[in-house]
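Protein chains in written order, with numbering that gives the first Met the number 0: chain P, 0 to 79; chain L, 0 to 79; chain C, 0 to 135; chain G, 0 to 135. No residue lacks a Cβ here, since even glycine has one placed at the ideal position from N, Cα and C. Below is one structure, written out as structure tokens; the observations come after it.
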Amino acid sequence: MELTIQAFGIAKDILGDRKTMLSMNDGATVADLLALLNKEYPAFQKLTSLAVALNEEYAEKEAVLSPADTIVLVPPVSGG
Amino acid sequence: MELTIQAFGIAKDILGDRKTMLSMNDGATVADLLALLNKEYPAFQKLTSLAVALNEEYAEKEAVLSPADTIVLVPPVSGG
Amino acid sequence: MIKLTDQPININEAIEAAQAEGAGAVNVFIGTVRNKTQEKQVLSLDFEAYDPMAEKEIQKIVDQAKAKWPVIKAVVVHRKGHLEIGEAAVVIAVSTPHRKASFQACEFIIDTLKQTVPIWKKEIFEGGEEWVSAHP
Amino acid sequence: MIKLTDQPININEAIEAAQAEGAGAVNVFIGTVRNKTQEKQVLSLDFEAYDPMAEKEIQKIVDQAKAKWPVIKAVVVHRKGHLEIGEAAVVIAVSTPHRKASFQACEFIIDTLKQTVPIWKKEIFEGGEEWVSAHP
């Protein structure tokens with residue numbers, strides 16, 4: 000399946016764009032996505048943390064991804 | 000000696016006026032003043048507390064009064 | 000800035016007076032007149048202050064706060080005279096480099112002000128009035 | 000009221016929105032842009048927000064605060080885009096019947112906001128820039 004990943008903050012800088020297309024196997028999880036990102040873009044390994052939001056909510060590592068989801072990379076937040 | 004006592008809040012209501020003249024023996028202390036007030040105006044006995052300020056500072060019970068002092072009765076404060 | 004005033008408190012002015020270069024945080028406390036004390040309906044309030052001593056005591060509290068926390072600026076404005084429901088009785092604004100100290104210093108100032116500063120509040124009810132905290 | 004805005008925050012408006020009948024206390028926290036982080040001279044800041052999720056996360060924090068304390072109204076306004084030194088990045092205003100809860104609820108909201116809300120701060124230095132907290 001083809002997934003569209005949105006990225007903010009330093010995650011956008013690492014991917015080089017706000018939106019990135021990734022090919023993953025059907026049934027892939029948030030954990031699989033993070034593994035893929037860490038492999039393809041080693042700069043992610045240096046971050047303090049990297050969370051994934053699905054449909055505007057923080058997702059568990061076991062959550063299964065679908066092309067219909069809004070998938071967003073959330074690097075360490077620093078608001079306030 | 001003749002002392003001028005100023006009073007605020009409920010202390011003013013008890014004395015009936017902002018300023019009151021009292022006759023006390025030379026060498027009288029804050030404790031003596033409070034004892035006199037409690038005797039002459041029993042309503043003071045019902046207050047949660049009654050402090051005396053001498054020259055714009057809270058005074059100890061042992062402080063000696065002088066006609067030159069600015070003597071102020073400070074009933075329980077309730078600012079804020 | 001320490002001020003006792005019989006005019007409505009300008010909250011914006013108090014906050015601006017607390018802003019400072021190097022400050023990353025400003026904490027502001029606004030104490031307002033409530034329409035109820037326990038079960039009684041409060042119609043309005045009168046504040047009486049022993050002005051010169053009140054200002055000195057507030058200054059002492061601000062000095063204590065500055066000794067305990069890295070306070071850059073502290074502003075305390077207290078209203079006196081007659082207040083209607085909803086009006087601000089006191090505004091405290093404290094700037095510090097980081098946020099935790101701004102909360103702690105501001106809370107220390109209002110807590111201590113209520114214990115030591117010679118200001119008295121009279122609540123006016125339907126058919127009566129009462130000096131707050133005067134009696135046990 | 001929860002708001003993300005690319006315009007300067009109107010502090011007065013935020014405070015007024017938090018005022019409420021029955022409130023005896025309003026606590027306000029203002030986070031401003033400092034000119035220094037550790038030893039580096041900060042020239043300006045950029046805030047980026049994932050708006051819809053940020054608003055949802057702020058709402059969750061406000062709901063948690065209301066479950067823990069008797070919050071009457073809570074206002075959270077966060078700036079985004081480019082900020083100059085001294086500008087307000089965030090303003091939080093919380094009204095409660097009594098003062099202690101206003102301090103606690105306001106501090107809880109800013110502390111939790113900094114941990115969970117998807118907003119990112121980039122500090123701009125002489126000759127460089129850096130996403131805050133991105134690296135250990």
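Checklist entry - Three-state secondary structure (DSSP) at F7 of chain P? => result Residue state, collapsed to three classes: coil.
Checklist entry - Between which two residues does the beta strand (DSSP E) containing I118 of chain G stretch? => result Run containing I118 of chain G: 118–124, per the beta strand (DSSP E) assignment.
Checklist entry - Which residues in chain L sit within 8 Å of H81 of chain C, going by Cβ to Cβ distance? => result From the beta-carbon of H81 of chain C, no residue of chain L is found nearer than 8 Å; the closest lies around 15 Å away.
Item to check | Contiguous alpha helix (DSSP H) assignments of at least 4 residues, all confined to the stretch 42–101 of chain G | outcome: Listed in chain order, they are 50–67.
Item to check | Reference A34 of chain L, options L:I9, L:G15, L:R17, L:E61, closest by Cα | outcome: Looking at the Cα atoms, L:E61 is the closest of the given residues.
Next on the checklist: Counting only beta-carbon separations shorter than 8 Å, does V70 of chain C have a partner in chain G?
Outcome noted: V70 of chain C has a beta carbon lying at 8 Å or more from every beta carbon in chain G.
Item to check | One or two residues paired with T69 of chain L in a DSSP bridge | outcome: For T69 of chain L, DSSP records no beta bridge to any residue.
Next on the checklist: Suppose the cutoff is 6 Å on Cβ atoms and the five residues either side in sequence are ignored; what does the same chain contact list for E83 of chain C look like?
Outcome noted: Listed in chain order, the non-local C-beta contacts of E83 of chain C below 6 Å within the same chain comprise S43, local neighbours out to five positions each way being set aside.
Next on the checklist: Please list, in chain order, the chain L residues whose beta carbon lies closer than 8 Å to that of S132 of chain C.
Outcome noted: Ordered by position in chain L, the residues that pass the 8 Å Cβ test against S132 of chain C are T47, P75, V76, S77.
Checklist entry - For V89 of chain G versus G78 of chain P, is the C-beta distance shorter than 8 Å? => result With contacts defined as CB atoms closer than 8 Å, V89 of chain G and G78 of chain P qualify as a contacting pair.
Next on the checklist: Considering only DSSP beta bridges, list what F107 of chain C is partnered with.
Outcome noted: F107 of chain C is not bridged by DSSP to any residue.
Checklist entry - Which stretch, first to last residue, makes up the alpha helix (DSSP H) that contains I14 of chain C? => result Note, I14 of chain C: alpha helix (DSSP H), 10–17.
Checklist entry - Do E55 of chain L and T69 of chain L have their C-beta atoms within less than 8 Å of each other? => result Contact flag set, yes.
Item to check | Inside the stretch 17–54 of chain L only - alpha helix (DSSP H) runs reaching at least 4 residues | outcome: For the stretch 17–54 of chain L, whole alpha helix (DSSP H) runs of length 4 or above, ordered along the chain, are 29–39.
Next on the checklist: From the DSSP secondary-structure annotation, give me the bridge partner or partners of L3 of chain C.
Outcome noted: Paired residue(s): C:H77.
Next on the checklist: Can you give me the C-alpha to C-alpha distance between G85 of chain G and I123 of chain G, rounded to a whole angstrom?
Outcome noted: Going from the Cα of G85 of chain G to the Cα of I123 of chain G covers about 14 Å.
Item to check | Residue nearest to I14 of chain G in terms of C-alpha spacing, selected from G:S132, G:A48, G:K39, G:T95 | outcome: Here the closest residue by C-alpha is G:T95.
Checklist entry - When you compare each of L:P66, L:V29, L:M0, L:Y40 to D16 of chain L by their alpha carbons, which one comes out closest? => result Relative to the Cα of D16 of chain L, the nearest Cα in the group L:P66, L:V29, L:M0, L:Y40 belongs to L:Y40.
Checklist entry - Just reading off the beta strand (DSSP E) that G15 of chain P is part of, what are its end residues? => result It is not in any beta strand (DSSP E) - G15 of chain P carries neither H nor E in the DSSP assignment.
Checklist entry - Going by beta carbon distance, what residues of the same chain come within less than 7 Å of K35 of chain G, once the five residues before and after it are set aside? => result So the qualifying residues of the chain are V41.
Checklist entry - Is the distance from the Cβ of L2 of chain L to the Cβ of L21 of chain L below 8 Å? => result Yes, the Cβ-Cβ distance between L2 of chain L and L21 of chain L is below 8 Å.
Checklist entry - Do we get a CB-CB distance below 8 Å when we pair G8 of chain L with the residues of chain C? => result Closer than 8 Å: yes.
Checklist entry - According to DSSP, is L112 of chain C helix, strand or coil? => result DSSP places L112 of chain C in helix when its eight states are reduced to three.
Checklist entry - So, are the CB atoms of F43 of chain P and L32 of chain P less than 8 Å apart? => result In this structure, L32 of chain P does not lie closer than 8 Å to F43 of chain P by Cβ.
Item to check | Unbroken beta strand (DSSP E) run spanning A24 of chain C, endpoints | outcome: Where A24 of chain C is concerned, the enclosing beta strand (DSSP E) stretches over 24–31.
Checklist entry - Straight-line CA distance for I9 of chain L to V93 of chain C? => result For I9 of chain L and V93 of chain C, the distance between alpha carbons rounds to 32 Å.
Checklist entry - Which residues, taken in chain order from the stretch 27–47 of chain G, show a beta carbon closer than 9 Å to some beta carbon of chain C? => result Correct list: V27, F28, I29, G30, T31, V32, R33, N34, K35.
Checklist entry - Opposite K35 of chain G in the DSSP bridges: which residues? => result Its beta-bridge partners are G:Q40.
Item to check | Residue(s) in a DSSP beta bridge with L2 of chain P | outcome: Paired residue(s): P:L21.
Item to check | Nearest-angstrom Cα separation, counted from G30 of chain C out to P117 of chain G | outcome: Rounded to whole angstroms, P117 of chain G to G30 of chain C spans 33 Å at the Cα level.
Checklist entry - What does A88 of chain C reach in chain L if we use C-beta pairs closer than 9 Å? => result Under a criterion of Cβ atoms nearer than 9 Å, the residues of chain L adjacent to A88 of chain C are, in order, G78, G79.
Next on the checklist: Assuming F7 of chain P and W119 of chain G are in contact, meaning their beta carbons sit under 8 Å apart, how far apart are those beta carbons, in whole angstroms?
Outcome noted: Confirmed, about 6 Å.
Checklist entry - Under 8 Å between C-beta atoms, does V75 of chain C make it to chain L? => result Not one chain L Cβ lies under 8 Å of V75 of chain C.
Checklist entry - With respect to the beta strand (DSSP E) encompassing G21 of chain C, which residues constitute its N-terminal and C-terminal limits? => result Where G21 of chain C is concerned, there is no enclosing beta strand (DSSP E), given that its DSSP letter is neither H nor E.
Next on the checklist: Please report whether the beta-carbon of R98 of chain C lies at a distance below 8 Å from any beta-carbon of chain G.
Outcome noted: R98 of chain C counts as touching chain G.
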